[in-house]
Amino acid sequence: MSQKNSAPQGATKQNLIGANVNTDTEYLMRFLDAVKNVSERLRVDVKTYRGNTYIDIRVWYVDAGGEYHPSSKGVMLKPTLAPELLRGIALAAQSFDPKGAA
Numbered sequence: 802m803s804q805k806n807s808a809p810q811g812a813t814k815q816n817l818i819g820a821n822v823n824t825d826t827e828y829l830m831r832f833l834d835a836v837k838n839v840s841e842r843l844r845v846d847v848k849t850y851r852g853n854t855y856i857d858i859r860v861w862y863v864d865a866g867g868e869y870h871p872s873s874k875g876v877m878l879k880p881t882l883a884p885e886l887l888r889g890i891a892l893a894a895q896s897f898d899p900k901g902a903a
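Residue numbers for the sequence shown, in this note's numbering: 802 to 903.
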């Protein structure tokens, strides 16, 4: 049986993502760190995984010790999909307020 959720020897906190441990993932830059609620934050990072660069939009949760960790709630996508995603978010926002959101 594989140990998908346990960190391999030598792995560090910074290169582990969510419930599925990815030791090939490397953090490059954080663009958003917004408070979602008292125990969660929404973060937008640029990361590399297996030599490819991705945008990671993910909910981070706080543990009992007060440290934040990435959750499995999120998506990691190719940067080429960003304009399409932004259009979708803008359209969703306009559906709530056709005059104010854009």
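Every residue, glycine too, gets a C-beta built ideally from N, C-alpha and C. Source: prediction; values computed, not measured.
Within 10 Å of its beta-carbon, does residue i have 16 or more other beta-carbons around it, so buried, or fewer, so exposed?
i: P880; result: exposed
i: Y855; result: buried
i: D834; result: exposed
i: P884; result: exposed
Please look up how many angstroms separate the CB atoms of residue i and residue j, rounded, as I've assumed it's under 8 Å.
i: M877; j: D898; result: That pair is no contact at about 29 Å.
Taking the Cβ atom as the reference point for each residue, do residue i and residue j lie within a distance shorter than 7 Å?
i: K848; j: Y828; result: yes
Distance cutoff 7 Å, beta carbons only. Does residue i sit that close to anything in chain C?
i: P880; result: In the structure shown, chain C cannot be found, because there is only a single protein chain.
* Inspect the CB distances between the region 840-849 and the region 857-872 and report whether three or more fall short of 8 Å. => Between the region 840-849 and the region 857-872, the count of Cβ pairs shorter than 8 Å is three or higher; the stretches touch.
* To do: Kindly provide the ranges of any alpha helix (DSSP H) runs that are 4 or more residues long and lie completely inside the region 848-902, ordered along the chain.
  => Whole alpha helix (DSSP H) segments, 4+ residues: 883-897.
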